[in-house]
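Residue numbers (this note's numbering), protein chains in the order written: chain A, 1 to 217; chain P, 1001 to 1217; chain U, 2001 to 2217; chain F, 3001 to 3217.
Note that CB positions come from ideal geometry on N, CA and C, so glycine has one too.
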DNA sequence: CATGAATGAGCGTTCATTCAT
DNA sequence: CATGAATGAACGCTCATTCAT
C-alpha cells in the first residue's frame, strides 16, 4: 500500500535557505497535526502555514506521510539517544535505584517534547508506517532485558525478558496516560513515587517468592 | 466539524431487513478499516462492500465517523458491561486475589473481540471523538479506586486514586502490547503470572511501608 | 506505462440520462481536441464544455486517454464495418472496377466523418494506445490481400500481400493528405480519377511484365 | 499560444562548451520523446537527462516546443537538402528511371535517421507548429511537379501537379508504413520493386490514355 | 425505502518558469 | 554564464453528499 520509498525525503536540502524551508515545513506539520488531526492534515495547508510554496514542499517530501514520518523519526531518534545515555550512567547504581532511574528517564524523555509526544501518539495510527513511534520501546525493552540479565542475581523475576516487558510497557502505559491528563487532575509527583515503588517491589528479592501466601502472613 | 450530533445514527432500523443492512454496513466498515486504514476509509467503498447502495448508507449514518463511532460504542459498552460484572463478583474476594482477577478480567475483555480491539486501537486517533475507545478505562479507574478505598485497611498504597491509576493504566499498557505481539514472540502465560505478581506486591502492606529506603535494609 | 485498463470505460451507462452524459462528454472531447489539441486537452475542460460535472466524467472514463480512445474506437469500428460491406458487394465486379471501388470506398469512409478523421489523425500520437486509428488499415490490408489472391489470375502483381500493401498504404497516404488540403487548393475530382488510374494500371496484366524496357518501346 | 517567436532558440551558442550543452539537450529531448512521448516530455526531465541545470536549458530554449522544433527543423533541412541534390542528378535521366530514383531517394531519406524519423512522426501532432515535419513533402511536391512539367511530353498524366501529388503522397504513405513494420514482417526489397513498378506504369504513356475503359479491350 | 447518477469542493501533484546566489 | 531553490497556476482525481427516479 505505502512503499518504503514513499516515506523517504525526495532530496536533501543542501543550501541554507533550503534547510530553513524544511524546518518551516516540519514545524507547520506539527502545528497542523495538533490543530486539525492527521486525517485533515493536507499538503497545501502545510505549505501555506510554513510560508512556503506547495512546489517547494514537494521538492523535499513526496506526501504528508513523509512529513509526519520525518517528525516521528527525529523524535524517536532523540528519545532513544537519551535512553542509551541514561543506561550508560546506570550500570553503577544499585538495583533499587535503577528502577527509579528508569521511571525518571522515561518521564524526562516524555518531557523532552511533551506536546509533540502527545500529538503523535494521539493523532497517528499505530501502523507499520509509523512503527518508529513505538519502535524505540522495543529497543528500550532490549536494553532493560540486558541490564536485568546482567543483574539477575540481585533481582527476583525469573526471566529478564518477561520482567523487562512488564516494566517497560507497564510504565509506558502509565506515562502515556499522564501525557493525556488535564492540568491538576492527578498529582504527578505522587504518581512518580508510586510507579517507582511498584517497580522496585516488583524487582526486589525480598518479600516472598511464593507470592500471596506469604504476603499477608 | 464533528458535532456530537454528527456521531449519532440518523434513525433506528425497525424492520428486520433494515437491521441486516445496518449489520452489513458495520461489518464492511470493520473489514475496510482493517484493510485500508481509517484515513482511506470512505462511504462509497463501505456501501459497495456491504452490498448496499450509497443512498441506503446515508439513510442510517450521516458520515463515516458515525459508522466507526457505532463500532467503537458497541465494543466499549460490551467491555464495560463485563468489567462491571466482574467487579460485582469481586467484592467478596481477598485483596490479593482481586489483583489477579483484574488482570484476568482485562485479558478476557481484550479477548472478547481481539481483532476488532486491535483494529480500533491501531487505526483510530485517540481524540475526543473516539473517547469511548479509551473512556471505559476511566470508568474502570473509578471502579478500582472505589474498591481500593473500600479496602484501604488491607492495602499499602496511601491514595486509592493513585494506586488505581498505576494499576489500571500500567496493566492496560502491557495488555495493549500483548495484543500487538506476533504469535509465539513472548510467553503470554508467564506474562500474566508476572503481571499478577507485580500488582499483588504493589498492593501488599508487607515489605516496606516507607518505600524503597527500607527495602534493602 | 499505460495499462490496457486505463483505456477502458469505468462503467457502462445504464439509464438514459447516463447515456446522454456519455454522449455529451464524447462530443465535447472531439470539439476540444480540435480547438486545443491533444496535449492541451484536459478533463476539467471537457466536463465544463459537456455541461457535466467533473465527477460524472470520472464515473465513466478514468482519464482523457480513455475518452479519446472511445472516439477512436467508435470511428474505427464504423469504418471497418463499411469496408467489409463494400467488399461483400465487390466480389462480383471485374478487377478494373475493383480498383476504382476501393478508391471510392476509402474516400467515402473518410467522408463519413471528415472532421473527426482529420482531427484524430492530426492530433493523436501514432502510438500503440491509439493503434485502432491505423489498425483498421491492417484489417483492410488483410481483406485486399485475400481479394487479390482470389483474383490472382486476373492481375499482374506476383505477391498479393505486397500488392495489397502498396495499394492500401499508398492510397491511404494520398487520402490522408487530401483530408488536410485547404478548400480549392487541389482538384479532388481529378485526383480520384488519377488515383484510380494508378491502381488500375498497377494491377493490370497488360502493358509489359518486364517493366521499363517495354514501356517506351 | 505558440507564437512563431516561441519556437526560436533564445540565443546562438558561440563557445564550444555551449555548443555541447545544446547538443546534450537535443539528444536528451530525442531520447525522452521516444521513452515518454511528446505529452509526458518536460523541461526539468530534459535538463536532468542532459546533465545540465534547468537554468541553462532556458538560456537556449524558451520551452519544450522549441526543443522539439529544433529537432524537427534539423531533420527537415537535412532531408530536403538530400532531395534537392538527388533532383539535380536526375535531370539527365530518362523518365522511367526518374520514377525509380524518387522511390530510392525517399527511402534513403527515411534511412538517414530512421529512429528519429519514426519518433517524430509517431509522437508529434501534425499541426502547424511542426509543419516542417511534413512541410518538406510540399517542397518535394513542388520539385516533382516542376520536373513532370518539364517532361510533360514524355509522360501520360495530364496535370503535373496532380501526378506529383499522387506520386509523392502515395509513396510517402507506403514508406511511412514501412518505417513502422516490425522486422521481417514484409519483404521491403520486393516492396521497393513494386512501388517502382507502380510509379513507372502510372507515368507511362503506353497502355491506355483513355483510362480503364480501354484497358481491357 | 432503495437506488445510483450526478454534483462539486477541495486536496494531490506536476512542471514551466524565474531569479538569487 | 551556470546553478538549483523557489514559485504557483492549473490540472488530476476523489469522495462525501444529494436527489430524481
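Item: Assumed close pair residue 3107 of chain F, residue 3192 of chain F - CB separation to whole angstroms, cut-off 8 Å; Value: 7 Å
Item: Whole-angstrom C-beta distance between residue 64 of chain A and residue 42 of chain A, which should lie under 8 Å; Value: 7 Å
Item: Expected contact under 8 Å - CB spacing of residue 1025 of chain P and residue 1052 of chain P to nearest Å; Value: 6 Å
Item: Near-chain A residues of the stretch 1152-1163 of chain P - C-beta to any C-beta below 9 Å; Value: 1154, 1156, 1157, 1158, 1159, 1161, 1162, 1163
Item: Residue environment, residue 158 of chain A, which counts as buried when at least 16 other CB atoms sit within 10 Å; Value: exposed
Item: Proximal residues to residue 2027 of chain U (C-beta, below 8 Å), its chain only, five neighbours per side dropped; Value: 2050
Item: Between the CA atoms of residue 2088 of chain U and residue 2075 of chain U - distance to the nearest angstrom; Value: 20 Å
Item: Pick from A:164, A:136, A:167, A:79 that is closest to residue 109 of chain A, judged by C-alpha positions; Value: A:79
Item: Three-state class that DSSP yields for residue 2154 of chain U in the structure shown; Value: coil
Item: Residue 2015 of chain U, DSSP secondary structure in three states; Value: coil
Item: Beta-carbon spacing of residue 2143 of chain U, residue 2083 of chain U below 8 Å; Value: yes
Item: Whole-number beta carbon distance between residue 67 of chain A and residue 120 of chain A, since they are thought to touch under 8 Å; Value: Their Cβ separation, rounded to whole angstroms, is 12 Å, which puts residue 120 of chain A and residue 67 of chain A out of contact at 8 Å.
Item: Coil, strand or helix - residue 2040 of chain U by DSSP; Value: coil
Item: Simplified DSSP assignment, three categories, for residue 2131 of chain U; Value: helix
Item: Counted within 10 angstroms of its Cβ, other Cβ atoms place residue 3123 of chain F as buried (16 or more) or exposed; Value: buried
Item: Distance, residue 1205 of chain P Cα to residue 1152 of chain P Cα; Value: 10 Å
Item: Contact list for residue 3116 of chain F against chain U, beta-carbon separation under 8 Å; Value: Simply none; closest approach about 15 Å.
Item: Residue 1203 of chain P vs residue 1156 of chain P beta-carbon contact at 8 Å; Value: yes
Item: Contact under 8 Å by Cβ, residue 172 of chain A with residue 1173 of chain P; Value: yes
Item: C-alpha distance - residue 1212 of chain P paired with residue 101 of chain A, whole-angstrom precision; Value: Residue confidence is low: residue 1212 of chain P scores 42 on pLDDT, short of 50, so the model does not pin down where it sits. Its coordinate-derived value is still stated next. Roughly 13 Å separates the two Cα atoms.
Item: Rounded separation between residue 12 of chain A and residue 86 of chain A - CA only; Value: 31 Å
Item: Cutoff 8 Å; reference residue 3116 of chain F; Cβ partners in own chain excluding five residues on either side; Value: 3030, 3071, 3075
Item: Inter-residue Cα distance where the pair is residue 1105 of chain P and residue 1185 of chain P; Value: 23 Å
Item: Host alpha helix (DSSP H) of residue 3185 of chain F (start-end); Value: Taken as a continuous stretch (DSSP letters only), residue 3185 of chain F belongs to no alpha helix (DSSP H), as it is neither H nor E.
Item: Cβ pair residue 1163 of chain P, residue 194 of chain A closer than 8 Å; Value: yes
Item: Alpha helix (DSSP H) segment containing residue 3095 of chain F, residue limits; Value: 3095-3112
Item: Chain-order list of residues whose beta-carbon lies under 7 Å from that of residue 1135 of chain P (same chain, five-residue window excluded); Value: 1076
Item: Boundaries (first-last residue) of the alpha helix (DSSP H) holding residue 3056 of chain F; Value: 3054-3060
Item: Cut-off 8 Å between Cβ atoms - residues of its own chain near residue 1200 of chain P, not counting five sequence neighbours on either side; Value: 1096, 1099, 1100
Item: Residue 3101 of chain F Cβ short of 7 Å to the ligand ADP heavy atom set; Value: As far as ligands go, the structure on display features none, and thus does not contain the ligand ADP.
Item: Local conformation of residue 2022 of chain U per DSSP, three classes; Value: helix
Item: DSSP state of residue 3092 of chain F mapped onto helix, strand, coil; Value: coil
Item: Where residue 2183 of chain U falls, given that 16 or more other Cβ within 10 Å makes a residue buried; Value: exposed
Item: Alpha-carbon to alpha-carbon, residue 2035 of chain U and residue 1133 of chain P; Value: 57 Å
Item: Residue 1208 of chain P, DSSP secondary structure in three states; Value: Bear in mind that a pLDDT of 47 at residue 1208 of chain P, under 50, signals an unreliable position, so the number given afterwards is only what the model happens to contain. Three-state result, residue 1208 of chain P: coil.
Item: C-alpha distance - residue 3166 of chain F paired with residue 1048 of chain P, whole-angstrom precision; Value: 59 Å
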